[in-house]
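Asker: The structure that follows is given in the form of structure tokens.
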Amino acid sequence: MEKDIWEWLKEVPDPEIPVLSIIDLGIVREVHCESQTGTAKIAITPTYSGCPAMVVIGEEIRATMKRHGVDDLVLETVLFPAWTTDWMSEDAKERLRAYGVAPPVRLVKIAGLEAGQPLAGVNSDDRSGFVACPQCGSIRTEVISRYGSTPCKALYKCKSCLEPFDAFKCH
Amino acid sequence: MQNNQSLFEYVLRLGDSCLILSQRLGEWCGHGPILEEDIALTNFALDLLGHARFWLSYAAELEGAGRDEDQLAFLRDSGEFRNLLLVEQENGDFAETIARQFYFDVWHLAMLDMLRNSTDGRARAIAEKAAKEVRYHLQRSTDWVIRLGDGTAESKRRMQSAIDSLWMYTGEMFEMDAIDYEMLSHGVGVDLSIVRERWMEHVSKVLDQATLTLPASTWMQRGGKQGVHTERLGYLLSEMQTMQRNYPGLQW
């Protein structure tokens, strides 16, 4: 039963990026079925804290489960461990690229605050030269805005083919 | 075992600061100086609203009085809010918004970073989640302070003026009161003197890089955490709460 639910959850798309399912995004953290009562418990974690898509995703999960005959459903939100783009599969990243959105790129070292480190280590987040254009593949790209059409994306421009594009932020 | 009432207050303070700053930033929607900044400011607002919801839901559970996050947000008066005075200050020009954000982000990230080691599991989980987003906020507000400070004569004048005028609201961010001490003694809360050290280190370094002058010490305003606010909060609340006040229980 739990295996079936994991499969069915692949039918639930991200409302903003329909080429990805919520499984691709890695936001489903746990599926558990009570053998006694038959209650199904699904735990999901938000991508970004204020992401408005979470409400729609919750409704979609309920509707999808109902379609497969799961009526007794408890939907839980868990915050820990915090969601990261590292949970996105390689296959999902490829589909993202084909859809026109540059997939997240993890830099070797990210300027940022780690426990015990001074805040002064935090400065720029310019990933120009690391994010490849999803249209032509060039890495001659530059960030236009760190914030884009959704909390999880930033706006870039390709200096080779001149196309602007969305890039999934590394998170 | 710590007192739930104190933990409620402690969590409420964190939630209220996020909520009020989120509302202020939301006022920029459609008014940003350029489209990208309009989007960025409202994205900040959204992240902070998310954090506010985590904290306020937790506060409501701790209180156990049957209130939920919405009632805490929409049905309290100014004197019941526990946010920092800094975040209720008006948007002003873009430099003032950036200065407010910069001061807050440095404090916020240092707080969250230390709360990641809290003995309270829920606080730890929220801090871990929020810190990832706030790190991104701080990168941007830092970049803007440098860009405007080390920019044209006009942008520098405005940035310095904003840095100076909001300085008096930074003192209370590091003042420990009975609740802070109690939470610290239980390993739930953080030592604000350490937060202050880390804050000063980053702020001084960035202002220096931005060719701006660190404001001289001055009289510091206080009271936000205890519910004593500037007049500006009342106006903000009257707008934010208008629907629930006029149509109690209204649902979208």
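Chains as they are written, first to last, in the numbering used here: chain A, 660 to 830; chain B, 572 to 823. Beta carbons: idealized from backbone N, C-alpha and C, even for Gly.
1) State the DSSP-derived secondary structure class of residue 813 (chain B), mapped to helix, strand or coil.
2) Comparing the C-beta of residue 771 (chain A) with each C-beta of chain B, is any distance below 9 Å?
3) Name, please, each residue of chain B whose Cβ falls closer than 9 Å to the Cβ of residue 814 (chain A).
4) Looking only at C-alpha atoms, which of A:745, A:735, A:752 sits nearest to residue 698 (chain A)?
5) Just by C-beta distance, which residues in the segment 732 to 760 of chain A are closer than 9 Å to chain B?
6) Between the segment 704 to 723 of chain A and the segment 676 to 691 of chain B, do at least 3 Cβ pairs fall closer than 8 Å?
7) Could you spell out the range, first to last residue, of the alpha helix (DSSP H) harbouring residue 658 (chain B)?
8) Taking a Cβ distance cut-off of 7 Å, strictly less, list which residues of the segment 673 to 702 of chain A are near chain B, in chain order.
9) Taking residue 812 (chain A) as the reference, give the member of A:691, A:730, A:720, A:710 with the closest Cα.
10) Which residues in the same chain as residue 741 (chain B) place their Cβ atom closer than 6 Å to its Cβ, once the five residues preceding and following it in sequence are excluded?
11) Going by C-alpha distance, which of B:700, B:665, B:579 is nearest residue 636 (chain B)?
12) Is it a yes or a no for the segment 741 to 757 of chain A touching the segment 675 to 682 of chain A, going by three-plus beta-carbon pairs under 8 Å?
13) Within 10 angstroms of its Cβ, does residue 769 (chain A) collect 16 or more other Cβ (buried), or is it exposed?
14) Rounded to the nearest angstrom, what separates residue 612 (chain B) and residue 600 (chain B) at their Cα positions?
15) Given a cut-off of 9 Å, decide if residue 793 (chain A) and residue 761 (chain A) are closer than it, judged by their beta-carbon atoms.
16) With a threshold of 6 Å on Cβ separation, who are the neighbours of residue 816 (chain B) within its own chain once the five nearest residues in sequence on each side are excluded?
17) Based on Cα-Cα distance, which residue from B:799, B:665, B:642 lies nearest to residue 725 (chain B)?
18) Could you say if the segment 735 to 755 of chain B and the segment 779 to 794 of chain B meet the contact criterion of at least three C-beta pairs nearer than 8 Å?
19) For residue 810 (chain A), which residues in the same chain have their Cβ closer than 8 Å to its Cβ, ignoring the five residues on either side in sequence?
20) Name, going along the chain, the residues of the segment 636 to 650 of chain B whose beta-carbon falls closer than 9 Å to a beta-carbon of chain A.
21) Beta-carbon within less than 6 Å of residue 701 (chain B)'s beta-carbon, same chain only, minus the 5 sequence neighbours each way: which residues are those?
22) On the three-state DSSP scale, how would you describe residue 825 (chain A)?
23) Roughly how many whole angstroms lie between the Cα atoms of residue 695 (chain B) and residue 802 (chain B)?
24) Measure the alpha-carbon distance for residue 743 (chain A) versus residue 686 (chain B) and round it to whole angstroms.
25) Mind checking whether residue 804 (chain A) and residue 818 (chain A) have CB atoms under 9 Å apart?
26) Under a Cβ-count criterion, where at least 16 other Cβ atoms within 10 Å of its own Cβ denotes burial, should residue 715 (chain B) be classed as buried or exposed?
27) Are the Cβ atoms of residue 744 (chain B) and residue 755 (chain B) separated by less than 9 Å?
28) In whole angstroms, what is the alpha-carbon distance linking residue 749 (chain B) and residue 790 (chain B)?
29) Could I get the ranges of all uninterrupted alpha helix (DSSP H) runs contained in the segment 688 to 733 of chain B, with 4 residues as the minimum, in chain order?
30) Does DSSP put residue 852 (chain B) in a helix, a strand or coil?
31) Note down the Cα distance separating residue 699 (chain B) from residue 626 (chain B), rounded to an integer number of angstroms.
32) In chain B, which residues lie with their C-beta within 8 Å of the C-beta of residue 717 (chain A)?
33) Within 10 Å of its beta-carbon, does residue 616 (chain B) have 16 or more other beta-carbons around it, so buried, or fewer, so exposed?
34) Decide if residue 704 (chain B) is buried, meaning its Cβ has at least 16 other Cβ atoms within 10 Å, or exposed.
35) Classify residue 671 (chain A) as helix, strand or coil using the three-state DSSP reduction.
36) Can residue 763 (chain A) and residue 824 (chain A) be called in contact, C-beta distance under 9 Å?
Answerer: Reading off the structure:
1) Indexing the second sequence from 1 puts residue 813 (chain B) at position 242. Reduced to three states, the DSSP call for residue 813 (chain B) is helix.
2) Looking up residue 771 (chain A) in the first sequence gives position 112. Summary for residue 771 (chain A): the model assigns pLDDT 43, below 50, so the residue's position carries little reliability, and this model does not support an answer.
3) In the first sequence, residue 814 (chain A) corresponds to position 155, counting from 1. Those are 607, 610, listed as they occur along chain B.
4) Mapped onto the first sequence, residue 698 (chain A) falls at position 39. Of A:745, A:735, A:752, the residue nearest in Cα terms is A:735.
5) 737, 738, 739, 740, 741, 742, 743
6) no
7) If you number the second sequence from 1, residue 658 (chain B) lands on position 87. Here the alpha helix (DSSP H) through residue 658 (chain B) covers 656 to 659.
8) none
9) In the first sequence, counting from the first residue as 1, residue 812 (chain A) sits at position 153. If we check each option's Cα against that of residue 812 (chain A), A:710 comes out closest.
10) Taking the first residue of the second sequence as position 1, residue 741 (chain B) is located at position 170. Correct list, in chain order: 674.
11) Position 65 of the second sequence, counting from 1, holds the residue named residue 636 (chain B). The option with the nearest alpha carbon to residue 636 (chain B) is B:579.
12) yes
13) Against the first sequence, residue 769 (chain A) aligns to sequence position 110. Note that residue 769 (chain A) scores a pLDDT of 40, beneath 50, so its modelled location is shaky; the value from the coordinates is reported in the next line. Exposed is the call here.
14) Start at 1 with the first residue of the second sequence, and residue 612 (chain B) comes out as number 41. Start at 1 with the first residue of the second sequence, and residue 600 (chain B) comes out as number 29. Roughly 8 Å between the two C-alpha positions.
15) Sequence index remark: in the first sequence, residue 761 (chain A) carries index 102 (1-based). Sequence index remark: in the first sequence, residue 793 (chain A) carries index 134 (1-based). Result yes, Cβ atoms of residue 761 (chain A) and residue 793 (chain A) sit closer than 9 Å.
16) The residue you call residue 816 (chain B) lines up with position 245 of the second sequence. No residues qualify anywhere along the chain.
17) What you label residue 725 (chain B) is simply residue 154 of the second sequence in a count that begins at 1. The shortest C-alpha separation from residue 725 (chain B) is found at B:665.
18) yes
19) Your numbering for residue 810 (chain A) matches position 151 in the first sequence. Answer for residue 810 (chain A): 706, 707, 709, 710, listed in chain order.
20) none
21) The count along the second sequence starts at 1 and reaches residue 701 (chain B) at position 130. Excluding residues within five positions, the ones whose Cβ falls inside 6 Å are 622, 683.
22) Numbered from its first residue, the first sequence carries residue 825 (chain A) at position 166. Residue state, collapsed to three classes: strand.
23) The residue you call residue 695 (chain B) lines up with position 124 of the second sequence. The residue you call residue 802 (chain B) lines up with position 231 of the second sequence. Roughly 34 Å separates the two Cα atoms.
24) Here residue 743 (chain A) corresponds to residue number 84 of the first sequence, with the count starting at 1. Here residue 686 (chain B) corresponds to residue number 115 of the second sequence, with the count starting at 1. Using only the alpha carbons, I get a separation of about 19 Å.
25) Taking the first sequence and counting its residues from 1, one reaches residue 804 (chain A) at position 145. Taking the first sequence and counting its residues from 1, one reaches residue 818 (chain A) at position 159. Cβ atoms of residue 804 (chain A) and residue 818 (chain A): not closer than 9 Å.
26) Residue 715 (chain B) sits at position 144 when you count from the first residue of the second sequence. Its Cβ being crowded by 16 or more others within 10 Å, residue 715 (chain B) is buried.
27) Mapped onto the second sequence, residue 744 (chain B) falls at position 173. Mapped onto the second sequence, residue 755 (chain B) falls at position 184. Not closer than 9 Å, so no.
28) As a working mapping, residue 749 (chain B) is identified with position 178 in the second sequence. As a working mapping, residue 790 (chain B) is identified with position 219 in the second sequence. Their backbone Cα atoms lie some 22 Å apart in a straight line.
29) 692 to 720
30) This structure does not reach residue 852 (chain B), given that chain B is present from 572 up to 823, and the question cannot be answered.
31) The residue given as residue 699 (chain B) occupies position 128 in the second sequence. The residue given as residue 626 (chain B) occupies position 55 in the second sequence. Rounded to whole angstroms, residue 699 (chain B) to residue 626 (chain B) spans 13 Å at the Cα level.
32) Along the first sequence, one-based indexing puts residue 717 (chain A) at 58. Within chain B, no residue comes near residue 717 (chain A); the closest Cβ sits about 14 Å away, beyond 8 Å.
33) Residue 616 (chain B) sits at position 45 when you count from the first residue of the second sequence. By the neighbour-count rule (16 or more Cβ atoms within 10 Å), residue 616 (chain B) is buried.
34) What you label residue 704 (chain B) is simply residue 133 of the second sequence in a count that begins at 1. So residue 704 (chain B) ends up on the buried side.
35) Along the first sequence, read from residue 1 onward, the residue named residue 671 (chain A) stands at position 12. Residue state, collapsed to three classes: coil.
36) What you label residue 763 (chain A) is simply residue 104 of the first sequence in a count that begins at 1. What you label residue 824 (chain A) is simply residue 165 of the first sequence in a count that begins at 1. Their beta carbons are not under 9 Å apart, which means residue 763 (chain A) does not touch residue 824 (chain A) by this criterion.
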